[in-house]
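Below is one structure, written out as structure tokens, with a few remarks after it.
Protein chains: 4
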Amino acid sequence: MSITDKKQAILDTALALFVAQGFHTTTTAAIARQAGVATGTLFHHFASKDALLDYLFLSIKQEFADAIVGSANQSTDLKTNARNLWFCALSWAIANPLKQEFFQLYSMSPTIDPSIRFQAMNTILGFITTLIAAGQQQGLIADYPIGLMQDNCHGQYLAATRYFIDHPQHWQLDEHREASFKLFWNGMAAT
Amino acid sequence: MSITDKKQAILDTALALFVAQGFHTTTTAAIARQAGVATGTLFHHFASKDALLDYLFLSIKQEFADAIVGSANQSTDLKTNARNLWFCALSWAIANPLKQEFFQLYSMSPTIDPSIRFQAMNTILGFITTLIAAGQQQGLIADYPIGLMQDNCHGQYLAATRYFIDHPQHWQLDEHREASFKLFWNGMAAT
Amino acid sequence: MSITDKKQAILDTALALFVAQGFHTTTTAAIARQAGVATGTLFHHFASKDALLDYLFLSIKQEFADAIVGSANQSTDLKTNARNLWFCALSWAIANPLKQEFFQLYSMSPTIDPSIRFQAMNTILGFITTLIAAGQQQGLIADYPIGLMQDNCHGQYLAATRYFIDHPQHWQLDEHREASFKLFWNGMAAT
Amino acid sequence: MSITDKKQAILDTALALFVAQGFHTTTTAAIARQAGVATGTLFHHFASKDALLDYLFLSIKQEFADAIVGSANQSTDLKTNARNLWFCALSWAIANPLKQEFFQLYSMSPTIDPSIRFQAMNTILGFITTLIAAGQQQGLIADYPIGLMQDNCHGQYLAATRYFIDHPQHWQLDEHREASFKLFWNGMAAT
DNA sequence: GATGAATGAGCTTTCATTCAT
DNA sequence: AATGAATGAAAGCTCATTCAT
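Line by line, the protein sequences are chains U, F, H and V.
Here my numbering is used: the first residue of the first sequence is 21, the next is one more, and so on.
Here my numbering is used: the first residue of the second sequence is 21, the next is one more, and so on.
Here my numbering is used: the first residue of the third sequence is 21, the next is one more, and so on.
Here my numbering is used: the first residue of the fourth sequence is 21, the next is one more, and so on.
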């Protein structure tokens with residue numbers, strides 16, 4: 021395996037603390053202590069506290085992208101693909117609530133370098149953009165401005181994950197899950 | 021008037037800097053310098069840096085609430101009321117981009133005391149909750165779980181303001197504005 | 021007065037400690053403690069530990085230059101002017117042993133930025149260069165390369181101050197003082 | 021041979037870095053990296069960073085002493101012996117500029133233990149002291165205090181090497197070399 | 001001999017806050 | 001009300017040194 025145990029422990033602890041207390045409120049000493057390593061060890065693996073945050077951000081983004089890639093190409097029916105993508109992305113968020121919260125907190129914050137944030141956004145939004153464009157050509161999705169639809173999808177995804185993370189038991193209920201998809205799809209659907 | 025020039029200068033500068041750099045990255049010395057006052061003056065008007073943030077948060081929330089109150093009661097038609105509320109809220113955001121960004125950044129952040137954040141959220145979401153409940157009773161709005169719909173409305177509002185603040189010229193185009201409302205309304209509409 | 025008491029206390033203490041222990045061995049905490057101020061006060065007056073060193077270096081250089089300026093123009097006789105300059109410079113060093121030691125330690129060290137060091141060197145060596153050139157024109161001083169003579173004068177000055185600072189009582193003896201000037205002058209004198 | 025390649029690489033690199041950046045500014049990690057060895061290797065060969073500095077200092081001192089020993093005894097003429105010693109010492113410095121710079125920087129610095137420095141100084145100044153004393157007995161050298169003359173010789177040697185290391189091409193010119201010796205000798209010569 | 005991940009004491013620097021003026 | 005020099009706890013980070021491999 022390529023990541024040492026100590027490095028992984030630092031990453032896990034940093035994720036938990038950054039989400040629970042915020043970046044600036046979390047001291048490197050606290051991360052090290054709770055990860056069971058010396059303060060110097062943190063800086064042996066990451067050049068700075070900022071670099072640790074960036075690494076966390078990029079690797080979580082990658083993990084998410086890996087999880088949902090392919091979920092939107094399985095069917096010949098576009099709506100089925102959209103549904104698969106939606107539930108695949110939501111499932112990942114519900115299964116990784118800490119990582120989802122991390123994303124929610126830091127994907128908009130000035131704490132992370134804009135260039136890194138934008139790159140991450142675009143990579144992930146790429147999936148949805150492709151899907152929307154295909155849907156518009158097939159006349160299934162309304163002809164609204166693409167930028168607006170992107171932001172809208174993103175906003176709805178954040179809202180849905182927020183809801184299911186705050187109420188995990190509702191994720192078990194078919195009608196709640198279905199409701200979340202309908203909110204998402206009906207907004208965009210051609211009328 | 022009750023707020024001195026210096027106090028107002030501090031508030032304006034703090035808003036700009038908190039949005040541009042984040043709360044922890046902005047020093048009280050920087051706020052004071054850029055506001056043209058001495059460092060001590062800031063603490064003459066606000067008990068602490070946190071108190072300044074809270075004051076900013078609550079007064080902006082109040083300003084927003086004042087701006088949209090009443091916009092959802094003007095018609096007897098629910099959809100018209102929803103449209104009015106939607107455009108009224110968006111208009112305020114577009115007219116006050118800094119304050120909207122501030123809200124976007126801090127209404128979720130652990131930097132502000134949870135009790136203050138929740139109170140603010142509920143006050144503002146109250147408008148929408150009332151509207152949704154009425155719509156469901158009239159059979160105009162789908163019978164999805166109320167919490168999910170609240171989160172969804174909030175997410176769509178954030179997404180739309182994000183879009184129009186990033187592309188201010190599109191706010192002038194009727195079809196873009198209309199598209200934003202359709203995305204919002206059609207998602208929730210009974211089918 | 022333009023320099024506050026605390027700033028002066030920091031400068032005095034830093035001079036003493038930098039000479040006694042060296043720059044890197046002296047902590048800013050030690051300077052502050054011994055100067056009777058808080059650690060923050062040091063950084064209120066100087067941007068960094070390095071800036072403190074630079075300030076010390078440049079102000080001592082200025083003090084020295086002020087002390088010897090004019091000493092080489094009082095007579096019409098060149099050798100008399102040289103003697104006056106020599107004893108004036110030596111007197112300053114004997115009267116300010118700490119500052120002389122500081123100069124000796126840091127005017128060659130990579131700790132201080134080269135540009136600052138060179139500027140300081142040239143300012144002070146300007147006096148001697150003028151004198152040597154005049155002496156060569158009058159046929160009193162040998163026609164050796166000017167750069168070599170500059171370095172030589174500097175080296176002899178450092179050696180003489182070293183000697184008299186290490187043996188202060190010898191500075192009281194006319195023959196020792198005279199010997200130091202003869203070593204200096206006879207080396208350069210035309211033969 | 022007794023010194024391994026890695027140990028020698030460490031010594032060479034340390035010499036270069038200590039001269040270029042100073043002792044405290046040079047990290048053991050930097051030495052190891054630039055020498056192409058692991059950090060642990062440095063401590064396998066030297067007990068500590070200080071021990072490395074001391075080793076460097078003493079071995080360079082020894083090298084210098086070996087180079088000039090014997091150069092002052094070849095003739096029956098004292099001035100000839102002095103000239104030989106002067107040029108021999110200068111030649112070594114010009115041929116080993118890094119080592120000379122190292123000496124210049126560290127033979128006065130509090131970084132090296134005083135006892136080691138003094139011992140080194142005396143060993144080397146022994147040559148010159150003997151020569152001066154003989155010269156005074158023969159009436160060739162002025163009767164100035166011996167300590168003053170020692171410091172003066174040392175200062176002139178440092179000045180001359182400084183000059184020729186900074187202007188290597190001048191070392192090729194007979195008149196520059198001769199001038200350096202005249203400055204040295206005429207200062208001390210009986211009048 | 002050689003490696004380099006790990007250590008943790010100790011450093012410089014920051015910054016919200018105070019208070020005498 | 002306003003000032004800004006002064007404070008000192010606390011932060012991020014460094015680096016000589018160790019030791020299991």
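Think of the CB as a built atom: it goes at the ideal place given N, C-alpha and C, for glycine as much as any other residue.
All figures in this text were calculated on a predicted structure; none of them were measured in a lab.
Neighbours of Asn206 of chain U in chain F, taken as residues whose beta carbon is under 9 Å from its own, are Ala162, Asn206, Gly207, Met208, Ala209 and Thr211 in chain order.
It is roughly 21 Å from the alpha-carbon of Asp163 of chain H to the alpha-carbon of Leu105 of chain H. At least 9 Å separates the beta-carbon of Ala71 of chain V from that of Ala55 of chain V. DSSP places Thr143 of chain H inside the alpha helix (DSSP H), whose first and last residues are Pro134 to Gln157. If you check the CB distance, Leu73 of chain H and Ala109 of chain H do not come in under 9 Å.
Straight across, the Cα-Cα distance linking His190 of chain V with His196 of chain V is about 6 Å. With contacts defined by Cβ atoms closer than 9 Å, Thr45 of chain V and Thr131 of chain H form a contacting pair.
Just measuring C-alpha positions, the residue of V:Gln82, V:Ala50 and V:Thr24 sitting nearest His64 of chain V is V:Thr24.
Along the region 93–110 of chain F, none of the residues has a CB nearer than 7 Å to a CB of chain U.
Identification of residues in the region 165–180 of chain F having a C-beta nearer than 9 Å to some C-beta of chain U yields Pro165, Gly167, Leu168, Met169, Gln170, Asp171, Asn172, Cys173, His174, Gly175, Gln176, Tyr177, Leu178, Ala179 and Ala180, given in sequence order. Met128 of chain U has a beta carbon lying within less than 9 Å of a beta carbon in chain F. Note that the C-beta distance between Ile136 of chain F and Cys173 of chain F is not below 9 Å. For the pair Asp171 of chain H and Arg103 of chain V, the CB atoms are not nearer than the 9 Å cut-off. In the structure shown, Ile30 of chain U adopts helical secondary structure according to DSSP, grouped into three states.
The beta-bridge partner set that DSSP reports for Ala209 of chain F consists of F:Ile161. Taking a Cβ-Cβ threshold of 9 Å, the residues of chain V close to Leu125 of chain H are Met128, Ser129 and Pro130, in chain order.
At a beta-carbon threshold of 7 Å, none of the residues of chain H lie near Leu118 of chain V; the nearest stands roughly 13 Å away. Within chain H, the residues Ala162, Tyr164, Gly207 and Thr211 have their CB atoms less than 9 Å from the CB of Lys202 of chain V, given in chain order.
By the beta-carbon neighbour count (other beta carbons within 10 angstroms, threshold 16), Gln158 of chain F is exposed. Counted as a single uninterrupted DSSP element, the alpha helix (DSSP H) harbouring His65 of chain U occupies residues Thr59 to His65. For the set V:Ala40, V:Phe107 and V:Leu78, the Cα lying nearest the Cα of Ala92 of chain V is the one of V:Phe107. Cβ contact annotation for Thr143 of chain H (same chain, cutoff 8 Å, sequence separation greater than five): Lys81 and Ala85, in chain order.
With respect to chain U, the C-beta atom of Gly60 of chain F has no partner C-beta closer than 9 Å. Taken in chain order, the members of the region 32–56 of chain F whose beta-carbon sits within less than 9 Å of a beta-carbon on chain U are Val39, Ala40, Gln41, Gly42, Phe43, His44 and Thr45. Under the 9 Å criterion on CB atoms, Arg182 of chain U is classed as interfacial with respect to chain F. In this chain, Ala92 of chain H is not harboured by any alpha helix (DSSP H), its DSSP state being neither H nor E. Excluding five sequence positions before and after Gln120 of chain H, the CB atoms of its chain that fall closer than 7 Å to its own CB belong to Ala113, Thr181 and Ile185, given in chain order. Under the DSSP assignment, Gly175 of chain H falls in the alpha helix (DSSP H) whose first and last residues are Ile166 to Asp186.
Secondary structure at Thr47 of chain V: coil, using DSSP grouped into helix, strand and coil. Leu98 of chain U sits away from Leu37 of chain U, with the two beta carbons spaced by 9 Å or more. Nearest C-alpha to Ala154 of chain V among V:Asn101, V:Ala179 and V:Leu203: V:Asn101. Inter-residue distance for Gln94 of chain V and Ile88 of chain V is about 12 Å (C-alpha atoms, whole angstroms). Of U:Ala40, U:Gln192 and U:Met169, the smallest CA-CA separation from Ala115 of chain U is found for U:Gln192.
Around the beta carbon of Phe123 of chain U, a 10 Å sphere encloses 16 or more other beta carbons of the protein chains shown; the residue is thus reported as buried. Taking 9 Å as the threshold, the shortest C-beta distance from Asp186 of chain F to chain U falls below it. Annotation for Ile114 of chain V: the continuous alpha helix (DSSP H) segment containing it runs Leu98 to Ala115.
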